[in-house]
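Residue numbers (numbering that gives the first Met the number 0), protein chains in the order written: chain A, 0 to 335; chain B, 0 to 238; chain C, 0 to 94.
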Amino acid sequence: MATAAAHQTTRTQAYGAQDTAVDTVAYERRFDAAVAADERIEPRDWMPDAYRATLVRQIAQHAHSEIIGMQPEANWITRAPSLRRKAILMAKVQDEAGHGLYLYSAAETLGTGRDELLDKLHSGRQKYSSIFNYPTLTWADVGAIGWLVDGAAITNQVPLCRCSYGPYARAMVRICKEESFHQRQGYELLLALSRGTPEQHAMAQDAVDRWWWPSLMMFGPPDDESAHSAQSMAWKIKRHSNDELRQRFVDICVPQAESLGLALPDPDLRWNEERGQHDFGPIDWTEFREVLKGNGPCNEQRITQRRRAHDEGAWVREAAAAYADKHTGETGATRA
Amino acid sequence: MTTTVSTTAALALGDDALVLSHRLGEWAGHAPVLEEEVALANIALDLLGQARVLLSLVGDEDELAYLREERAFRNVQLVEQPNGDFAHTILRQLYFSTYQHLLYAELAAGDGPFAPLAAKAVKEVAYHRDHAEQWTVRLGDGTDESHERAQRACEALWRFTGEMFRPVEGLDVDGAALEAAWLESVEGMLRRATLTVPEGPRSGAWRAGAGRQGLHTEPFGRMLAEMQHLHRSHPGASW
Amino acid sequence: MTNTDWPLWEVFVRSRRGLSHTHAGSLHAPDAELALRNARDLYTRRGEGVSIWVVPSSSITASSPDEKDPFFEPSADKPYRHPTFYEIPEGVKHL
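#1: Distance, Cα to Cα, A:Met217 vs A:Val172?
#2: Going by the DSSP bridge assignment, what does B:His215 pair with across the sheet?
#3: In the DSSP assignment, find the unbroken alpha helix (DSSP H) run with B:Ser20 in it and report its ends.
#4: Taking 9 Å as the CB-CB limit, is C:Gly46 close to chain A?
#5: Mind pulling the alpha helix (DSSP H) runs of 4 or more residues that sit fully within the segment 91 to 174 of chain A?
#6: So, at 8 Å on beta carbons, what are the nonlocal neighbours of A:Ile144 in its own chain, with the 5 sequence-adjacent residues on each side left out?
#7: Given a limit of 9 Å on CB to CB distance, which residues of the segment 47 to 60 of chain B reach chain A?
#8: Given a cut-off of 9 Å on the beta-carbon distance, is the pair B:Leu252 and B:Tyr94 in contact?
#9: Buried or exposed: which applies to C:Asp40, given that a residue is buried once 16 or more other Cβ atoms fall within 10 Å of its Cβ?
#10: For the beta strand (DSSP E) that contains A:Ile251, what are its first and last residues?
#11: Can you tell me the Cα-Cα spacing of C:Phe11 and A:Asp278, whole angstroms?
#12: Just the chain B side, please: which residues come within less than 9 Å of A:Leu116 by C-beta, in chain order?
#13: Which bits of chain C does B:Asn41 rub up against, with CB to CB less than 8 Å?
#14: Between which residues of its own chain and C:Ser25 is the CB-CB distance below 7 Å, once the five residues before and five after are set aside?
#15: Which word fits C:Phe70, buried or exposed, when buried means at least 16 other C-beta atoms lie within 10 angstroms of its C-beta?
#16: Quick check on the DSSP output: the alpha helix (DSSP H) that includes B:His87 runs from which residue to which?
#17: Tell whether a beta-carbon distance below 9 Å holds between B:Cys153 and B:Pro200.
#18: Any beta-carbon of chain A closer than 9 Å to the one on B:Glu225?
#19: Below 9 Å between beta carbons: does that hold for A:Gln230 and A:Ala49?
#20: Identify whether C:Thr83 lies in helix, strand or coil by the three-state DSSP scheme.
#21: In whole angstroms, what is the alpha-carbon distance linking C:Lys77 and C:Thr83?
#22: Out of curiosity, what's the CA-to-CA distance linking A:Arg305 and A:Asn74?
#23: Could you pull out every residue in the same chain whose Cβ sits closer than 8 Å to the Cβ of A:Pro264, ignoring the five residues on either side in sequence?
#24: Are the Cβ atoms of B:Glu68 and B:Gly210 separated by less than 9 Å?
#25: Alpha carbon to alpha carbon, how far is B:Met126 from B:Trp205?
#26: Can you find a C-beta in chain B that's less than 9 Å from the C-beta of C:Ala28?
#27: In whole angstroms, what separates the C-alpha of B:Thr160 from that of A:Glu299?
#28: Counting only Cβ pairs nearer than 7 Å, list the residues of chain C close to B:Gln133.
#29: Mind checking if C:Pro73 is an interface residue toward chain A, Cβ cutoff 9 Å exclusive?
#30: Cutting at 7 Å between CB atoms, please list the residues of its own chain near A:Asn241, excluding the five before and the five after it.
#31: Look up A:Ile302 in the DSSP assignment and say whether it is helix, strand or coil.
#32: Any residues in the segment 1 to 19 of chain B with a beta carbon nearer than 7 Å to a beta carbon of chain A? Which ones, in chain order?
#33: Hey, is the segment 142 to 158 of chain A in contact with the segment 244 to 256 of chain A, meaning 3+ C-beta pairs nearer than 8 Å?
#34: What residues match up with A:Asn271 in a beta bridge as DSSP calls it?
#35: If you measure between the beta carbons of A:Arg161 and A:Asp37, is that distance less than 9 Å?
#36: Which residue comes first and which comes last in the alpha helix (DSSP H) that contains B:Leu77?
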C-alpha cells in the first residue's frame, strides 16, 4: 500500500547507510516518550513492530465487527413494523458499513490493504466480535442490540477516541459521534414495546433476557486472563481494563432497565453500598469460548453470507477496474 | 392547476418509491463492495422519505403501507422486480430514476399539488440517476462478463418500461413528451455503455393492465408478505 | 492493483463556504468519478460538506517524520515574525 511504501522509502533514504540497531534504540526512545507524553503516533512515525501488529489486529477486528454486525440487523429491514422504524434501521445499518470503511482506512495507514484484511476475515484468520454470532429472532432484538450491544460498544469505544494511534483515534471520534443515535434508537424501540401490548412487552423482555449476558461478554475475558491487555494499556491503545469497563456498563444499565420497565436476567444483581457499584452474577465463560471458537448459533451463517457477498461482487469490482483502465484520463474530472 | 391531491396519483408515486426502497433495502449486507452498501442505502432512504410524504398526503402512512392488499398497490411493475444480480438492480435504477427525474423536474416546475415535494425530491433523484448512469457505463463497458450481465438485465427489464408513461388520474404531465425524453436519454446511455438497445415490446400483452391497475407480478405478493407480516401480527399495536 | 483491488483515495471536505477543505479520511474507488461519489456518500451523509476533493493517495508527497527537526524546528526561534514580539507604547492605536 502507498502509505507503507512511503514509510519504508523515507526511512531507507534518510538513514539507509547507518547502523540500524543504534537507530532502533533511538527511535524506540522517541516513540516511548511520545506515548508517555500523550502525543499521538502518526502513520509515518517509527513504531515497534508489535505495536503496529497489535493495532492492525485490533482495528481489523473492529472493522470486521462493523460489517458482520450489519447482518443481524439487516435481517429485520424488510420486516420493520413501521416506515419510521424502517428508515431508522436502514440508516443505522448504513452507518455500520460506513464505520467499517473508516476503520479499514485507519488500518490501511499501517500498511495493510483492505483486500488483505477481508481475506483474513473470510478465511477465519481474523476475528470479529462474537456478539454477532447470536441470532435476531424477533423485532425486539433490534432494540436490544441498539441498547445493550451498541451501549457496550460505546463504553468500549469512547476511551479509544484518545488512543495513542492518531488515525484510529480520529476514526473513533467520528464513529462515536454517529453511534450515539444507534443506542438511543434501540432504547426508544424497546420502550415502545415495553409500554405496548402484553405481547410486545414479552417480546422486549425475551430479547433482553437473551442479549444481556452476551453483551457483558463483549468486554472480553476477566483482566487476569486477558492476553493482550497489559501491553495495550502501556501503549495507550487501551485506556481501561476489561473488568473496569464491564462494571461501568452494568452500573449504567441498571437504572436504564428500570426506566424501561424491563428486568435484567441476573438474580445476583444488586447495589453494593460499600463498593458504590453493582454486584453481578458470574459470567458463563465456557459459552464465550465456545462461540469464539466458532460454535455459536450463527458463526457459520455470518461468514458464509459475507464471503458470498464478496465473491458474488467480484465481477462488479473487476468491471469497474477494467473500465477505469480503459478510460482514465478521458474526462476533466479524472485529470484533475 | 389542481390544488387537491389525487389519491390515485399520490398512491402511484408513493408506492413506486416505497416498493423500490424496499427492494434496495434487501441489498443491505449483500452489496458487491462496501462503498455500494452506503450508496444503495442512501438511495433507499431518499425513496422511503418520498414515500412517507406522498402516502401521508392521502392517509396514514403505516396503514397504507402495511394493511393494503396486493391489489390495492399502484406502483409500476418495474420497481417490484426482484434485485437479481447487481446489473439487474442497476438497470432497474437507470430505467426508473431517469423516469422519476424527468417526472419530478416537470412537477417541480408546475404549480400542482406535488410541486413542493417534487422540488425537494428532484435533487435526490438527480443523484440516483447519476449513480445508475455511472454504473451502467462501467458494467456495460467493463469486462466481457459484466457486459453480458448488463445486456441481459437491460433486456429482461425492458418490457416493464412502457407502463411508466401511461396516464395517471390527477397527475398533470405530458406522458408522450416524458417518454420521448426518457427514450432519448436511456438509449443514449445504453449506447455509451456499449450495450444494444433492446428491440422487444416495452409493455406486457395483458389488456387488463399492470401495476397502476393493481395487477402485479408474482414476486410482489411474497415481498408484501414479508414486509407486512410483523405489523399485521399485532393489530392496533404501536411501534 | 489487482483486478479487484481498487486504489486508495484521500478525501478532503469543505464543511461550509469560507472554510478550506480538510482531510476527512480515505476510501477505495476504481476511478476519480466514483471516488467523488463514494466520498459524498461516506463523508457527507449528515450534511458535513459543501465541496469535496479526492486525490489518489499515491500522488501525495509528504514530509518525513524523520526530518521533522530540520524541517520545522528552525522556524521556532524566530519570534520577530510574530506581532507579539514588538513592544508598542500604551495608547498607540490601530497597530
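Think of the CB as a built atom: it goes at the ideal place given N, C-alpha and C, for glycine as much as any other residue. On a predicted model such as this, the values are computed, not experimentally measured, just so you know.
Let me spell this out:
#1: 20 Å
#2: Answer is none; B:His215 lacks a bridge partner.
#3: 6 to 24
#4: no
#5: 113 to 121, 138 to 143, 149 to 156
#6: Pro71, Glu72, Thr135, Gly185, Trp210
#7: Leu47, Gly48, Ala50, Arg51, Leu54, Glu60
#8: Absent from the structure is residue 252 of chain B, since the part of chain B shown begins at 0 and ends at 238.
#9: buried
#10: Run containing A:Ile251: none in the beta strand (DSSP E); it sits in the alpha helix (DSSP H), 241 to 259.
#11: 48 Å
#12: Residues of chain B passing the Cβ test: none, with the nearest at roughly 12 Å.
#13: Asp40, Arg44
#14: Leu7, Trp8, Glu9, Val10, Ser56
#15: exposed
#16: 85 to 108
#17: no
#18: yes
#19: yes
#20: helix
#21: 12 Å
#22: 13 Å
#23: Val207, Asp208, Trp211, Trp212
#24: no
#25: Contrary to the premise, residue 126 of chain B reads as Tyr rather than Met in this sequence. Roughly 34 Å separates the two Cα atoms.
#26: yes
#27: 41 Å
#28: Glu32, Leu33, Arg36
#29: no
#30: Phe218, Gly219, Pro220, Pro221, Asp222, Ser225, Ser228
#31: helix
#32: none
#33: yes
#34: A:Gln276
#35: yes
#36: 76 to 79
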